[in-house]
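Chemist: Below is one structure. I have some questions about it.
Protein chains: 2
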Amino acid sequence: MERKGDLMSFRPDIKVVDATIRDGGLVNNFFFDDEFIKELYKTNVNAGVDYMEFGYKASKDMFDVNEFGKWKFCDEESIRDIVGENNTDLKICVMADVGRTDFKRDIPPKKDSVVDLIRIATYIHQMPAAIEMIEYCHEMGYETSCNIMAVSTATEKNINQALELLGQSPVDIIYLVDSYGSLYPEQINELSKVYLEKAYKYGKKIGIHAHNNQQLAFANTIEAASTGVSYLDATMMGMGRGAGNCPMEAILGFLKNPKFKILPVLKFVQNRMLPLKEQGLKWGYDIPYLVTGILNVHPRTAIAAVKDNDKDYAGFYTATWDREA
Amino acid sequence: MERKGDLMSFRPDIKVVDATIRDGGLVNNFFFDDEFIKELYKTNVNAGVDYMEFGYKASKDMFDVNEFGKWKFCDEESIRDIVGENNTDLKICVMADVGRTDFKRDIPPKKDSVVDLIRIATYIHQMPAAIEMIEYCHEMGYETSCNIMAVSTATEKNINQALELLGQSPVDIIYLVDSYGSLYPEQINELSKVYLEKAYKYGKKIGIHAHNNQQLAFANTIEAASTGVSYLDATMMGMGRGAGNCPMEAILGFLKNPKFKILPVLKFVQNRMLPLKEQGLKWGYDIPYLVTGILNVHPRTAIAAVKDNDKDYAGFYTATWDREA
């Protein structure tokens, strides 16, 4: 498989997806104020970002609306309060988790929604339920993506089975997701090729969603892009659960398409993201995340260690190894 | 050129070089206390690190000994105070800058020194002076390396000329140095191949010294390693000028040779590096460094912005662009 593009060219097929509210919402339980979201929307429009993810379509039967900000639920009117009819080139997406979304109740037909793309997130063993949701959302008139989470712990056989099922489904985009931030660029390269082969066979697009546990989120994103992956997730200042994601300011500095503008992003980071840090929200690379990344396990214990300001890195390594290995 | 090794193998040719004192010394003017250095030495021995760089051999005629800690000068007795006769597998190195070292006065014959390797750092236009130093140090009985700095602003022709000169010199190791942290992994891959071709032709080894301006120091280091580069510079907690370097804890988590141990490094980081941060020393990724990395310029203005706590990232980008472009 030939590498696609080089540092003097750009690929019109590349789409940048801003996932700040959705993955960043996992840091603050989705309590962003409306001014923040409006400014983020404007920033994405001005920066030439292709998609903006507003949050989750979580079921209000399963999650208490008083415990989470409104972007956990992404009611149609909440999004319209920000974007109106969204008369811009920026497309709108939301994420729907398999098993946590009452999709038949909560996802209206596309003609009644400003949302363009429903991103269905699933663990690999939930694939039949994911396919049901993909088919439903497709019939409702949406673009759909499927984000297969935690593939660093899945077998090659299961990944291939999942990709075959998705290939035969109406899904538009299949995401390679490094949930634990444990994959090295050479693994991203190999997995990208596996995903892209199925994409060529079935006429799908491939996306990448990276985590920064080992300071590799940006590197893995551009490695995937060079291999041919075209949907690139990023977040402002890398905001996202635990070690966070590929920083928008880094990926826009890399991409050569002149439609992308880094200055609006730098302004948003200094005016809107720094205050979140000053309020005490914690995200971004830290050594406990490196450890869970190296050991290829869920970052939940690392998130707790960072929250508790526990600096016993060696003890954390030994305890994680003991528990998981 | 075939990629070398994979995630289930290890390459005995890989050597890890701890550059904490030398590159980290640029953060605190080399004022480390002896307990720190002794503990670092023990840590490197226990972690299986191959080389430990103690600092610079700077000329005392050019630099005031009262303004810098002793590791700016690396007198033989200073090193012996820490390592004695160094009866370990860890080799000792020091850096000598072209034009800033009185090498004929300050570098004794190898038989009188515990230093194993002299690392000669040069800009590409100083290559004849570097060759003179290499020949001198080689005759004195040392291993030598040559670190060609700032190659991201050099022409291919000049890089090739420099590599030819070095190939024909007695130097043992040639370093690919990303001084500005501006190179992407695909460029590291291409440059590594250029360096490695010369290495095969002349029987030299190649090393990599990366900076973390774009959060790519670790990614670039493992990209170079996979391409066949065998000397890998790293520093504890990534300590180094500006955005810092490839973190030792990350590279030891990646390397598969069972001789490498991450736990001593994690202990050193929590016990010795965190206090440096608490004392107010600043290093590591920040957005001004990203900007100078993207624009491929020296980080000096970014270092000043971070020191002054200047958070006008957009203004910094515009000013840097205006001045440099």
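Respectively, the protein sequence lines represent chains A and B.
Sequential numbering of the first sequence, starting at 768, is according to my numbering.
Sequential numbering of the second sequence, starting at 768, is according to my numbering.
Virtual Cβ for every residue (Gly too), placed ideally from N, Cα, C.
1) Would you list the one or two residues that DSSP bridges to B/Arg886?
2) Tell me the DSSP secondary structure of B/Val783 in three-state form.
3) Specify, as a first and last residue, the run of the alpha helix (DSSP H) that B/Glu957 falls within.
4) For B/Asp873, report the span of its alpha helix (DSSP H) as first-last.
5) Restricting to Cα atoms, I'd like to know which of B/Ile846, B/Asn854 and B/Glu899 is closest to B/Val865.
6) Within the same chain, show all residues whose beta-carbon is closer than 8 angstroms to that of A/Pro993, passing over the 5 residues directly before and after it, in chain order.
7) State the Cα-Cα distance for the pair B/Leu1062 and A/Pro1025, rounded to the nearest angstrom.
8) For B/Ala863, is the classification buried or exposed, using 16 other Cβ atoms within 10 angstroms of its Cβ as the cut-off for buried?
9) Does the CB of A/Tyr1084 have a neighbour CB from chain B at under 8 angstroms?
10) Tell me which same chain residues have a C-beta within less than 7 angstroms of the C-beta of A/Lys878, skipping the five on either side of it?
11) Do A/Ile975 and A/Ala991 come within 8 angstroms of each other at the CB atom, strictly closer than that value?
12) Cβ closer than 7 angstroms: which chain B residues qualify as neighbours of A/Gln1037?
13) Residues in its own chain within less than 6 angstroms of B/Ala977 by CB, not counting five upstream and five downstream?
14) Please check if any C-beta of chain A sits within less than 8 angstroms of the C-beta of B/Tyr951.
15) List the residues of chain A whose Cβ lies closer than 7 angstroms to the Cβ of B/Gly1020, in chain order.
16) The segment 984–1001 of chain A: which residues have C-beta closer than 7 angstroms to a C-beta of chain B, in chain order?
17) To be precise: take each residue of the segment 959–984 of chain B, compare its Cβ to all Cβ atoms of chain A, and keep it if any distance is under 9 angstroms. Which residues remain?
18) Against B/Lys1034, what residues of chain A qualify as contacts under a CB-to-CB distance less than 7 angstroms, listed in chain order?
19) Could you tell me which chain B residues have their CB closer than 7 angstroms to the CB of A/Glu1016, listed as they occur along the chain?
20) Helix, strand or coil for B/Phe715 per DSSP?
21) Which residues, taken in chain order from the segment 925–946 of chain B, show a beta carbon closer than 8 angstroms to some beta carbon of chain A?
22) Could you list which residues in chain B have their beta carbon closer than 8 angstroms to that of A/Leu1030, in chain order?
23) Taking Cβ-Cβ distances shorter than 8 angstroms, what residues in chain A pair up with B/Leu774?
24) For the 8 angstroms Cβ check, are there 3 or more pairs between the segment 796–804 of chain A and the segment 1005–1021 of chain A?
25) Using a Cβ cut-off of 8 angstroms (strictly closer), state whether A/Leu1041 contacts chain B.
26) Could you check if B/Met775 is buried or exposed, using at least 16 other CB atoms within 10 Å of its CB as the buried criterion?
27) Can you tell me whether DSSP reads A/Tyr947 as helix, strand or coil?
28) Based on the DSSP secondary-structure assignment, which residues constitute the bridge partners of B/Thr1068?
29) Just list the residues that DSSP pairs A/Pro1014 with in beta bridges.
30) Once the 5 residues before and after A/Tyr890 are set aside, which same chain residues still bring their CB inside 7 angstroms of it?
31) Tell me, please, which residues DSSP counts as bridged to B/Ile1174.
32) Could you tell me the distance, in whole angstroms, from the CA atom of A/Tyr903 to the CA atom of A/Arg886?
33) Quick one, which of A/Ala929, A/Gly1060, A/Arg789 and A/Ile781 has its alpha-carbon nearest A/Gln893's?
34) Can you tell which of B/Asn980, B/Leu1030 and B/Lys1028 has its C-alpha closest to the C-alpha of B/Arg1008?
35) How would you call A/Ile1076, buried or exposed, if buried means at least 16 neighbouring beta carbons within 10 angstroms?
Modeler: Reading from the atomic positions:
1) Here residue 886 of chain B refers to the residue found at position 119 of the second sequence. DSSP output for B/Arg886 lists B/Met862 and B/Ser912 as bridge partner(s).
2) Along the second sequence, one-based indexing puts residue 783 of chain B at 16. DSSP places B/Val783 in strand when its eight states are reduced to three.
3) For the purposes of this step, residue 957 of chain B is identified with residue 190 of the second sequence, where counting begins at 1. Where B/Glu957 is concerned, the enclosing alpha helix (DSSP H) stretches over Pro952 to Tyr969.
4) Taking the first residue of the second sequence as position 1, residue 873 of chain B is located at position 106. Phe870 to Asp873 is the extent of the alpha helix (DSSP H) around B/Asp873.
5) Taking the second sequence and counting its residues from 1, one reaches residue 865 of chain B at position 98. It is B/Glu899 whose Cα lies nearest to the Cα of B/Val865.
6) Along the first sequence, one-based indexing puts residue 993 of chain A at 226. It should be pointed out that residue 993 of chain A corresponds to Ser in this sequence rather than to Pro. Correct list, in chain order: Arg770, Lys771 and Gly772.
7) Taking the second sequence and counting its residues from 1, one reaches residue 1062 of chain B at position 295. Taking the first sequence and counting its residues from 1, one reaches residue 1025 of chain A at position 258. Between B/Leu1062 and A/Pro1025, the C-alpha separation is close to 15 angstroms.
8) For the purposes of this step, residue 863 of chain B is taken as the residue at position 96 of the second sequence. Classification for B/Ala863: buried.
9) On the first sequence, residue 1084 of chain A is found 317 positions in, with the first residue counted as 1. It does; some Cβ of chain B falls within 8 angstroms.
10) In the first sequence, counting from the first residue as 1, residue 878 of chain A sits at position 111. Counting only Cβ-Cβ distances below 7 angstroms, and skipping sequence neighbours, we find Gly908.
11) For the purposes of this step, residue 991 of chain A is taken as residue 224 along the first sequence, with counting starting at 1. For the purposes of this step, residue 975 of chain A is taken as residue 208 along the first sequence, with counting starting at 1. Against a cut-off of 8 angstroms, the Cβ pair of A/Ile975 and A/Ala991 comes out as a contact.
12) The residue you call residue 1037 of chain A lines up with position 270 of the first sequence. Per Cβ cutoff of 7 angstroms: Lys1078, Asp1079, Tyr1080 and Ala1081.
13) Numbered from its first residue, the second sequence carries residue 977 of chain B at position 210. These residues qualify, in order along the chain: Asp945, Ala984, Asn987, Thr988 and Cys1013.
14) Position 184 of the second sequence, counted from the start, is the residue given in the question as residue 951 of chain B. For B/Tyr951, the answer is yes, since a Cβ of chain A falls inside 8 angstroms of its Cβ.
15) By one-based count along the second sequence, residue 1020 of chain B stands at place 253. Near B/Gly1020 (Cβ distances below 7 angstroms), the residues of chain A are Leu1057 and Ile1061.
16) Phe985, Ala986, Ile989, Glu990 and Ser993
17) Asn979, Gln981, Gln982, Leu983 and Ala984
18) Walking along the second sequence from the start, residue 1034 of chain B turns up at place 267. Per Cβ cutoff of 7 angstroms: Ala1081.
19) Here the question's residue 1016 of chain A lines up with position 249 in the first sequence. Ordered by position in chain B, the residues that pass the 7 angstroms Cβ test against A/Glu1016 are Ile1054 and Leu1057.
20) Residue 715 of chain B lies beyond the residue range present for chain B, which begins at 768 and ends at 1092; the question has no answer from this structure.
21) none
22) Looking up residue 1030 of chain A in the first sequence gives position 263. Those within 8 angstroms of A/Leu1030 in chain B are Ala1081, Tyr1084 and Thr1085.
23) In the second sequence, residue 774 of chain B corresponds to position 7, counting from 1. What B/Leu774 touches in chain A: Tyr951, Glu953 and Gln954.
24) no
25) Taking the first sequence and counting its residues from 1, one reaches residue 1041 of chain A at position 274. For A/Leu1041, the answer is yes, since a Cβ of chain B falls inside 8 angstroms of its Cβ.
26) Along the second sequence, one-based indexing puts residue 775 of chain B at 8. Exposed.
27) Within the first sequence, the letter at position 180 stands for residue 947 of chain A. In this structure, A/Tyr947 counts as coil in the three-state DSSP scheme.
28) Within the second sequence, numbered from 1, the residue matching residue 1068 of chain B stands at position 301. The partner list for B/Thr1068 (beta bridge, DSSP) is empty, contrary to what the question assumes.
29) As a working note, residue 1014 of chain A is residue 247 in the first sequence. Looking at the DSSP assignment, A/Pro1014 forms a beta bridge with A/Thr1002.
30) Position 123 of the first sequence, counting from 1, holds the residue named residue 890 of chain A. The answer, listed in chain order, is Met916 and Ala917.
31) Any answer about residue 1174 of chain B is impossible in this case: the structure gives chain B only from 768 up to 1092.
32) Stepping through the first sequence from its first residue, residue 903 of chain A is reached at position 136. Stepping through the first sequence from its first residue, residue 886 of chain A is reached at position 119. Roughly 12 angstroms separates the two Cα atoms.
33) Sequence index remark: in the first sequence, residue 893 of chain A carries index 126 (1-based). Ranking the options by Cα distance to A/Gln893, first place goes to A/Ala929.
34) Looking up residue 1008 of chain B in the second sequence gives position 241. Minimum Cα distance to B/Arg1008 is reached at B/Asn980.
35) Here the question's residue 1076 of chain A lines up with position 309 in the first sequence. The residue asked about is misnamed: residue 1076 of chain A is Asn in this sequence, not Ile. Exposed, by the Cβ-count rule.
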